[in-house]
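Throughout the sequence shown, residue numbering follows this note's numbering, covering 40 to 255 in sequence.
From the three backbone atoms N, C-alpha and C, an ideal C-beta is built for every residue, glycine too.
Report on one structure; see the data block that follows.
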Amino acid sequence: MDELAGPPDVWDRPDGDFGPLSDLYELDIEARQEANSWYRLGSKALGRDELSTAAEWLGSAAAAGHPGALFRLALVALRSGEDWKDHAWFLIAEAARHGHGDAQWLLTASTGRSHSLTGSAPLIEDTSFFEEVRLLLGVALPLPQPAPSGASPAPSRRTGTSDSCYAADHPTAAPGPLLVPPTRHGPVPHPENTPNRKQAHLTALPGGLTQSVPDM
(Lines of atoms letter the chains of each structure in order from A and count residues from 1; the text may use other names and numbers.)
(Lines give C-alpha, C1' and ligand atoms only; values in the text may rest on other atoms or scores of the structure.)
Protein backbone atom coordinates (compact mmCIF):
# COMPACT_ATOMS: atom_id res chain seq x y z
CA MET A 1 0.00 0.00 0.00
CA ASP A 2 2.89 2.36 0.74
CA GLU A 3 4.28 1.79 -2.76
CA LEU A 4 0.89 2.51 -4.32
CA ALA A 5 0.66 5.74 -2.35
CA GLY A 6 3.76 7.11 -4.09
CA PRO A 7 6.66 9.02 -2.56
CA PRO A 8 6.17 10.62 0.88
CA ASP A 9 5.00 14.24 0.89
CA VAL A 10 5.90 16.32 3.93
CA TRP A 11 3.47 19.09 2.89
CA ASP A 12 0.39 16.96 2.38
CA ARG A 13 -1.29 18.16 5.57
CA PRO A 14 -4.87 16.82 5.87
CA ASP A 15 -5.00 18.30 9.39
CA GLY A 16 -4.57 21.82 7.96
CA ASP A 17 -1.32 22.57 9.78
CA PHE A 18 0.56 24.79 7.31
CA GLY A 19 3.32 25.97 9.62
CA PRO A 20 4.18 29.16 11.54
CA LEU A 21 2.18 31.61 9.40
CA SER A 22 -1.09 29.68 9.32
CA ASP A 23 -2.83 31.95 11.83
CA LEU A 24 -2.15 35.08 9.76
CA TYR A 25 -4.65 33.90 7.16
CA GLU A 26 -7.55 33.84 9.63
CA LEU A 27 -8.88 30.59 8.18
CA ASP A 28 -10.64 27.97 10.27
CA ILE A 29 -9.49 24.36 10.26
CA GLU A 30 -12.08 23.31 7.67
CA ALA A 31 -10.88 25.97 5.23
CA ARG A 32 -7.27 24.88 5.64
CA GLN A 33 -8.21 21.24 5.16
CA GLU A 34 -10.02 22.21 1.96
CA ALA A 35 -6.91 24.10 0.82
CA ASN A 36 -4.87 20.95 1.35
CA SER A 37 -7.28 19.09 -0.92
CA TRP A 38 -6.68 21.77 -3.59
CA TYR A 39 -2.94 21.22 -3.12
CA ARG A 40 -3.33 17.49 -3.73
CA LEU A 41 -5.49 18.05 -6.83
CA GLY A 42 -3.03 20.60 -8.19
CA SER A 43 -0.12 18.26 -7.52
CA LYS A 44 -1.78 15.48 -9.51
CA ALA A 45 -2.33 17.90 -12.40
CA LEU A 46 1.28 19.03 -12.18
CA GLY A 47 2.42 15.41 -12.36
CA ARG A 48 0.47 15.09 -15.62
CA ASP A 49 1.92 18.41 -16.88
CA GLU A 50 -1.57 19.94 -17.03
CA LEU A 51 -0.26 23.39 -16.21
CA SER A 52 -3.48 25.41 -16.39
CA THR A 53 -5.29 23.03 -14.05
CA ALA A 54 -2.28 22.83 -11.74
CA ALA A 55 -2.05 26.63 -11.62
CA GLU A 56 -5.71 26.93 -10.68
CA TRP A 57 -5.67 24.41 -7.83
CA LEU A 58 -2.20 25.20 -6.50
CA GLY A 59 -2.87 28.93 -6.76
CA SER A 60 -5.99 28.56 -4.62
CA ALA A 61 -4.05 26.55 -2.03
CA ALA A 62 -1.16 29.04 -2.10
CA ALA A 63 -3.59 31.91 -1.42
CA ALA A 64 -4.56 30.03 1.76
CA GLY A 65 -0.92 29.96 2.90
CA HIS A 66 -0.01 26.40 1.90
CA PRO A 67 3.83 26.24 1.72
CA GLY A 68 3.87 23.15 -0.48
CA ALA A 69 1.51 24.80 -2.97
CA LEU A 70 3.72 27.89 -3.16
CA PHE A 71 6.74 25.70 -3.92
CA ARG A 72 4.99 23.63 -6.59
CA LEU A 73 3.38 26.71 -8.12
CA ALA A 74 6.94 27.91 -8.71
CA LEU A 75 7.47 24.82 -10.84
CA VAL A 76 4.35 25.65 -12.85
CA ALA A 77 5.90 29.04 -13.57
CA LEU A 78 9.25 27.46 -14.52
CA ARG A 79 7.61 24.99 -16.88
CA SER A 80 5.73 27.86 -18.49
CA GLY A 81 8.95 29.32 -19.89
CA GLU A 82 12.14 31.23 -19.17
CA ASP A 83 10.19 34.49 -18.85
CA TRP A 84 8.59 33.23 -15.66
CA LYS A 85 11.81 32.58 -13.72
CA ASP A 86 11.51 35.82 -11.72
CA HIS A 87 7.97 34.87 -10.73
CA ALA A 88 9.22 31.43 -9.74
CA TRP A 89 11.87 32.99 -7.47
CA PHE A 90 9.18 35.14 -5.86
CA LEU A 91 7.13 32.02 -5.11
CA ILE A 92 10.22 30.20 -3.80
CA ALA A 93 10.91 33.12 -1.48
CA GLU A 94 7.33 33.05 -0.20
CA ALA A 95 7.45 29.27 0.28
CA ALA A 96 10.66 29.70 2.27
CA ARG A 97 9.09 32.38 4.46
CA HIS A 98 6.19 30.05 5.12
CA GLY A 99 8.56 27.35 6.38
CA HIS A 100 9.28 25.19 3.30
CA GLY A 101 12.71 23.64 3.89
CA ASP A 102 13.51 23.01 0.20
CA ALA A 103 12.76 26.63 -0.67
CA GLN A 104 14.93 27.86 2.19
CA TRP A 105 17.81 25.69 0.99
CA LEU A 106 17.46 26.96 -2.61
CA LEU A 107 17.58 30.59 -1.49
CA THR A 108 20.67 29.96 0.62
CA ALA A 109 22.43 28.05 -2.15
CA SER A 110 21.54 30.63 -4.81
CA THR A 111 23.16 33.49 -2.90
CA GLY A 112 26.45 31.63 -2.59
CA ARG A 113 26.32 31.27 1.19
CA SER A 114 28.08 27.91 0.96
CA HIS A 115 29.30 28.20 4.55
CA SER A 116 25.65 27.85 5.63
CA LEU A 117 25.28 24.53 3.83
CA THR A 118 26.59 21.12 4.70
CA GLY A 119 28.87 19.28 2.31
CA SER A 120 26.18 16.70 1.52
CA ALA A 121 23.00 16.88 -0.54
CA PRO A 122 20.05 18.57 1.16
CA LEU A 123 17.39 16.76 3.17
CA ILE A 124 14.51 16.85 0.69
CA GLU A 125 10.90 17.59 1.67
CA ASP A 126 9.38 17.59 -1.82
CA THR A 127 10.79 14.33 -3.14
CA SER A 128 8.63 14.52 -6.29
CA PHE A 129 9.63 17.92 -7.68
CA PHE A 130 12.63 19.35 -5.80
CA GLU A 131 15.24 18.15 -8.29
CA GLU A 132 13.37 19.57 -11.27
CA VAL A 133 12.94 22.92 -9.54
CA ARG A 134 16.62 23.02 -8.60
CA LEU A 135 17.77 22.27 -12.14
CA LEU A 136 15.41 24.76 -13.78
CA LEU A 137 16.54 27.48 -11.36
CA GLY A 138 20.18 26.63 -12.04
CA VAL A 139 21.10 26.05 -8.40
CA ALA A 140 24.11 23.77 -7.93
CA LEU A 141 24.37 21.24 -5.12
CA PRO A 142 27.17 22.04 -2.65
CA LEU A 143 30.54 20.62 -3.58
CA PRO A 144 31.68 17.69 -1.40
CA GLN A 145 33.75 18.80 1.57
CA PRO A 146 36.75 16.78 2.81
CA ALA A 147 35.98 14.90 5.98
CA PRO A 148 37.99 15.89 9.07
CA SER A 149 40.94 13.65 9.82
CA GLY A 150 39.83 10.57 11.71
CA ALA A 151 36.13 11.26 11.16
CA SER A 152 33.87 8.41 10.13
CA PRO A 153 32.02 8.74 6.81
CA ALA A 154 28.61 10.38 7.07
CA PRO A 155 25.67 8.09 6.29
CA SER A 156 24.07 8.58 2.90
CA ARG A 157 20.59 8.41 4.38
CA ARG A 158 19.23 9.49 7.73
CA THR A 159 17.26 6.81 9.52
CA GLY A 160 13.98 7.39 11.26
CA THR A 161 12.61 9.93 8.78
CA SER A 162 9.65 8.35 7.07
CA ASP A 163 8.47 11.45 5.23
CA SER A 164 11.75 12.88 3.95
CA CYS A 165 14.90 11.51 2.38
CA TYR A 166 18.29 12.52 1.17
CA ALA A 167 18.84 13.35 -2.46
CA ALA A 168 20.99 10.90 -4.35
CA ASP A 169 24.55 12.01 -4.92
CA HIS A 170 24.99 13.61 -8.31
CA PRO A 171 28.26 14.79 -9.85
CA THR A 172 28.11 18.53 -10.33
CA ALA A 173 30.00 20.72 -12.76
CA ALA A 174 31.61 23.95 -11.72
CA PRO A 175 28.74 26.33 -10.92
CA GLY A 176 28.08 29.20 -13.30
CA PRO A 177 26.69 32.63 -12.38
CA LEU A 178 24.33 32.32 -9.47
CA LEU A 179 20.78 33.56 -9.75
CA VAL A 180 19.69 36.27 -7.35
CA PRO A 181 16.36 35.63 -5.63
CA PRO A 182 13.75 38.38 -5.70
CA THR A 183 13.77 41.10 -3.07
CA ARG A 184 10.02 41.37 -2.84
CA HIS A 185 9.82 39.21 0.28
CA GLY A 186 10.22 40.76 3.70
CA PRO A 187 9.45 40.38 7.38
CA VAL A 188 6.37 38.67 8.71
CA PRO A 189 3.43 41.07 8.30
CA HIS A 190 1.75 42.63 11.29
CA PRO A 191 -1.50 40.84 12.25
CA GLU A 192 -3.45 43.95 11.25
CA ASN A 193 -2.22 43.45 7.70
CA THR A 194 -3.20 39.84 7.21
CA PRO A 195 -3.07 38.30 3.74
CA ASN A 196 -6.83 37.99 3.40
CA ARG A 197 -7.14 41.77 3.74
CA LYS A 198 -4.41 42.69 1.31
CA GLN A 199 -3.64 40.57 -1.75
CA ALA A 200 -1.28 40.81 -4.67
CA HIS A 201 -2.01 38.97 -7.90
CA LEU A 202 0.36 36.89 -9.97
CA THR A 203 -0.91 36.77 -13.53
CA ALA A 204 1.17 34.32 -15.41
CA LEU A 205 0.37 30.89 -15.69
CA PRO A 206 -0.91 29.10 -18.77
CA GLY A 207 -4.35 30.24 -19.85
CA GLY A 208 -3.91 33.72 -18.40
CA LEU A 209 -5.03 32.68 -14.93
CA THR A 210 -4.84 35.25 -12.17
CA GLN A 211 -3.90 33.72 -8.84
CA SER A 212 -3.72 35.63 -5.58
CA VAL A 213 -0.68 35.30 -3.37
CA PRO A 214 0.05 37.00 -0.06
CA ASP A 215 1.40 40.53 -0.31
CA MET A 216 4.21 40.11 2.18
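What is the DSSP secondary structure of residue i, counted as helix, strand or coil?
| i | result |
| --- | --- |
| L60 | coil |
| L90 | helix |
| L180 | coil |
| L85 | helix |
| D165 | strand |
| D48 | strand |
| A116 | helix |
| H137 | coil |
| T147 | helix |
| P106 | helix |
| E65 | coil |
| G55 | coil |
For residue i and residue j, I'd like the C-alpha separation in whole angstroms.
| i | j | result |
| --- | --- | --- |
| R118 | A132 | 18 Å |
| L180 | T147 | 11 Å |
| S91 | T150 | 31 Å |
| K168 | L114 | Checking the sequence, you will find Phe at residue 168 rather than Lys. Approximately 8 Å between the Cα atoms of the pair. |
| D125 | A116 | 9 Å |
| L112 | R136 | 15 Å |
| L60 | A134 | 11 Å |
| W123 | E65 | 30 Å |
| L162 | D141 | 8 Å |
| W96 | K83 | 10 Å |
| E62 | E69 | One point to set straight first is that residue 62 is Asp, not Glu, in the sequence displayed. Their Cα atoms are separated by approximately 13 Å. |
| L174 | Q143 | 16 Å |
| A102 | E89 | 20 Å |
Hey, is residue i's beta-carbon within less than 8 Å of any beta-carbon in chain B?
| i | result |
| --- | --- |
| I163 | Absent from the structure is chain B; it holds one protein chain and no more. |
Tell me the residue span of the alpha helix (DSSP H) that contains residue i.
| i | result |
| --- | --- |
| F169 | 169-176 |
Since residue i and residue j are thought to touch, with beta carbons under 8 Å apart, how far apart are those beta carbons, to the nearest angstrom?
| i | j | result |
| --- | --- | --- |
| W128 | A100 | Not quite, the Cβ-Cβ distance comes to about 20 Å (not below 8 Å), so this is no contact. |
| P53 | T166 | About 18 Å; that fails the 8 Å criterion. |
Please tell me whether residue i and residue j are closer than 8 Å, where the distance is taken between their beta carbons.
| i | j | result |
| --- | --- | --- |
| G33 | H139 | What the structure shows of the chain is the stretch from 40 to 255, and residue 33 is not part of that stretch, so it cannot be assessed. |
| V49 | E164 | yes |
| F57 | G120 | no |
| A93 | L85 | yes |
| L130 | L145 | no |
| G55 | Q72 | yes |
| R79 | D51 | yes |
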